[in-house]
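Q: Numbering (this note's numbering), first residue to last: 72 to 404.
No residue lacks a Cβ here, since even glycine has one placed at the ideal position from N, Cα and C.
Below is a structure I'd like to ask you about.
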C-alpha cells in the first residue's frame, strides 16, 4: 500500500478532514418526511452534475490531501447508473481509501454483489421501522420489503458489518425502537439511531418532533441492558453493548450531544460544491474551475482554504441558527 499523504485538510481548531461524503446524485426514490418535502422538489439537471471522470478526479485530489475514507451518498446513490464503475475507479486509487455507501436499500438486492466485487467495503442502510405501515407513512412509499431484500443481499455479499440507520420521529415510529433493535440483533445488523436534524429547507424544524438520545436510551432500557463502549474517538455514534455484548447499538446525537469537536468530515455535492459542514451556509465551487481547466493544485487550494474556515460547531442550539438552503438529498448524508 502506498504511503499516506500528509494531511492538509486542517481547520483552525486542529481537526483534520479524513472522511469524505460524496453525493453522487440528488435523486431519490423515497420521500422521507424528515429529509424531503412530499412534492415539488426539482432535481438537478444532468449537465449540472459532475461526470464520472470529474467525480473521480476530485475524489483522487482529496485522497491526495489526506482523505482516507470515502462514503457514497445521495439522494439515493444506487440511482446513479455508473455507480459500480465509479466505486471500482475509486478502489483503484493509491493510497486506496476505505469505501462505504449510505443507501435506502431499494435496488441493493441486485447491486450488492457487483458493488462488493468493484471494491465497496461496507454499507449503511436507512430503515426507520420494521412496521410496514409506519415505514410507508415515513417514506411516503410502500417499499419495505425491497429494503429488507437489500439488507440481506448486502450481508450475503460480504458488505459487513451491515449497519442500519434509523431516525425516530415522535408520534410516527418512536414506539418502534425496541422492536427495530431486536429485529437487527436477530439478523446480525448493527443499528444506529440518528436524532432528527433540520434538513428540509422548505419547512421550519420542529424540535419537539425529535426523539433525543436520552429518550431513546430510556425506551431501549425497558427491554435491554445497555452499557457504554469506551473509546469513541471521532466516530459520530456513541456505542452501547446490548445485554453484555458483543452486539451493540449506537446513537448519533447530533442535536442533544453534538460531536463537532471531533468532526473529520468534508462533503462534496453532486454538482461539485465542497462543504465543510452539513449545516454550512456557504460552499466552494469546484465544478466551475474544473471545467475551466483548473489544475489539481488550484482545486486543492480552494478546498484547503474552505476547510480552514470551518466553524467550531453547527450551532443548532444557538440563537439565529438557519437551516441549510439545500435539502439533504442535494448535500449528501
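Step through the CB atoms of chain D and report whether any lies within less than 7 angstroms of the CB of residue 343.
A: Any reference to chain D falls outside this structure, which holds one protein chain only.
Q: Over what stretch of residues does the alpha helix (DSSP H) that includes residue 386 continue unbroken?
A: Here residue 386 belongs to no alpha helix (DSSP H), and DSSP marks it neither H nor E.
Q: Assuming residue 197 contacts residue 145 (C-beta within less than 8 angstroms), just tell me the rounded distance between them.
A: About 11 angstroms separates the two Cβ atoms, so there is no contact after all.
Q: Cutting at 7 angstroms between CB atoms, please list the residues of its own chain near residue 256, excluding the five before and the five after it.
A: 313 and 318
Q: Put residue 82 into one of helix, strand or coil per three-state DSSP.
A: If DSSP states are grouped into helix, strand and coil, residue 82 belongs with coil.
Q: Within 10 Å of its beta-carbon, does residue 187 have 16 or more other beta-carbons around it, so buried, or fewer, so exposed?
A: Counting the other Cβ atoms within 10 Å of the Cβ of residue 187 gives 16 or more, which makes it buried.
Q: Quick one: measure Cβ to Cβ for residue 402 and residue 352, integer angstroms, because I've assumed they're closer than 8 angstroms.
A: With a Cβ gap of about 12 angstroms, residue 402 and residue 352 do not count as contacting.
Q: At what residues does the alpha helix (DSSP H) containing residue 210 begin and finish?
A: 203-210
Q: Taking the beta strand (DSSP E) that residue 92 falls in, what are its first and last residues?
A: 90-94
Q: Quick one: Cα of residue 290 to Cα of residue 203, how far?
A: 21 angstroms
Q: Considering Cα atoms alone, identify which of 227, 161, 132 and 253 is closest to residue 179.
A: 227
Q: Using DSSP's beta-bridge definition, name the partner residues of residue 236.
A: 197 and 263.
Q: Look up residue 318 in the DSSP assignment and say whether it is helix, strand or coil.
A: coil
Q: Kindly indicate which three-state DSSP category residue 122 falls into: helix, strand or coil?
A: coil
Q: Any idea which residues DSSP pairs residue 356 with across the strands?
A: 344
Q: Helix, strand or coil for residue 311 per DSSP?
A: Reduced to three states, the DSSP call for residue 311 is strand.
Q: For the alpha helix (DSSP H) that residue 222 lies in, which residues bound it at each end?
A: Looking at the DSSP string, the run of the alpha helix (DSSP H) that includes residue 222 is 215-227.
Q: Looking at the unbroken beta strand (DSSP E) that takes in residue 339, where does it start and where does it end?
A: 336-339
Q: Skipping 5 residues on each side, what residues in its chain have a beta carbon closer than 8 angstroms to that of residue 335?
A: 86, 87, 88, 89, 90 and 305
Q: Measure the beta-carbon distance from residue 355 to residue 344 and round it to whole angstroms, keeping in mind my assumption that it falls under 8 angstroms.
A: Contact flag correct, Cβ pair sits at about 7 angstroms.
Q: Can the beta-carbon of residue 133 be found closer than 7 angstroms to that of residue 176?
A: no
Q: Nearest by alpha-carbon distance to residue 261: which of 142, 384 and 231 is it?
A: Closest by C-alpha distance to residue 261, out of 142, 384 and 231, is 231.
Q: Spatial neighbours of residue 189 within its chain, please: C-beta separation below 8 angstroms, excluding the five flanking residues on both sides.
A: 155, 156, 158, 159 and 162
Q: In angstroms, rounded to a whole number, what distance separates the CA positions of residue 113 and residue 301?
A: 44 angstroms
Q: Which value, in whole angstroms, describes the spacing of the CA atoms of residue 242 and residue 236?
A: 19 angstroms
Q: Could you check whether residue 172 and residue 201 sit closer than 7 angstroms to each other, using their CB atoms as the reference points?
A: Not a contact, by the Cβ cut-off of 7 angstroms.
Q: If the criterion is Cβ atoms closer than 7 angstroms, does the pair residue 361 and residue 119 meet it?
A: no
Q: In three-state DSSP terms, what is residue 382?
A: Residue state, collapsed to three classes: coil.
Q: Over the uninterrupted alpha helix (DSSP H) stretch that includes residue 154, give me the two end residues.
A: 154-162
Q: CB residue 183 to CB residue 220, shorter than 7 angstroms?
A: no
Q: What does a CB cutoff of less than 7 angstroms around residue 191 pick up in its chain, not counting 5 residues either side in sequence?
A: These residues qualify, in order along the chain: 158, 170, 172 and 230.
Q: Let me know if residue 293 comes out buried or exposed under the rule of 16 or more other beta-carbons within 10 Å of its beta-carbon.
A: exposed
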